[in-house]
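J.: Numbering (the working numbering), first residue to last: 15 to 187.
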């Protein structure tokens, strides 16, 4: 027995059974928290604009009460200083609810810590840019982030801290 999929590929019965067992889906994207501070205005607008920007990001995930349903939260904190004074501080917590059913645990870590944040990042980046512009500052366009590389680096650091060669993926915390 074969069946057409959304991509037009045909699956045999075994592939259909495996596909039915694994399910990944995005249920909701939302902004959980937004903060914008410009503590040195209007003085910062009166001097020469020499921005130095620091971007920090953090991801975490947690299982919700429904089995296989997770909240993933991406936090972006952007601090820009000009001539030694803080021009603005922006923090955006962009979240999403994701469905991961039938996915082996060793594959959940990369999904929750890299793939889901990749989905959330453009929304958080847009919110940061909008807040900075509304604050009267020049537009800020954050560079894309390679969450896969960050996840791999975090795994290597955890393995080094444990002192073992265990390469099993663990979900984000």
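Here a beta-carbon is modelled for each residue, glycine too, at the ideal position from N, C-alpha and C.
As the structure is a prediction and not an experimental result, all values here were calculated from the model.
Thinking just about the alpha-carbon of each residue, which of 146, 90 and 127 is nearest to the one in residue 164?
T.: Nearest C-alpha to residue 164: 127.
J.: Just mark residue 153 as buried or exposed, buried being the case when its beta carbon has 16 or more other beta carbons within 10 Å.
T.: Exposed.
J.: What residue range is occupied by the uninterrupted beta strand (DSSP E) comprising residue 112?
T.: Start and end: 99-115.
J.: Per DSSP, what kind of secondary structure is residue 122 in: helix, strand or coil?
T.: Looking at residue 122 - three-state DSSP - the assignment turns out to be helix.
J.: Along the alpha helix (DSSP H) that carries residue 163, what are the first and last residues, could you check?
T.: Run containing residue 163: 161-176, per the alpha helix (DSSP H) assignment.
J.: Return the CA-CA distance between residue 58 and residue 96, expressed in angstroms with no decimal places.
T.: Rounded to whole angstroms, residue 58 to residue 96 spans 7 Å at the Cα level.
J.: Within 10 angstroms of the Cβ of residue 107, are there 16 or more other Cβ atoms? Answer buried if so, exposed if not.
T.: It is buried - the Cβ of residue 107 has at least 16 other Cβ atoms within 10 Å.
J.: What are the start and end residues of the alpha helix (DSSP H) that includes residue 10?
T.: This structure does not reach residue 10, given that the chain is present from 15 up to 187, and the question cannot be answered.
J.: Which one or two residues does DSSP pair with residue 88 in a beta bridge?
T.: According to DSSP, residue 88 bridges with 73 and 108.
J.: For residue 40, count the other beta carbons within 10 Å of its own beta carbon; 16 or more makes it buried, fewer makes it exposed. Which is it?
T.: So residue 40 ends up on the exposed side.
J.: Our contact map puts residue 85 next to residue 111 with C-beta atoms below 8 Å; I'd like the distance itself, whole angstroms only.
T.: With 8 Å as the limit, residue 85 and residue 111 qualify as a contact, their Cβ atoms being about 6 Å apart.
J.: Who are the Cβ neighbours of residue 125 in its own chain at under 8 Å, not counting the five residues just before and after it?
T.: For residue 125, where only same-chain residues beyond five positions count, the Cβ hits under 8 Å are 38, 112, 114 and 117.
J.: Is the beta carbon of residue 73 less than 7 Å from the beta carbon of residue 88?
T.: Yes, the Cβ-Cβ distance between residue 73 and residue 88 is below 7 Å.
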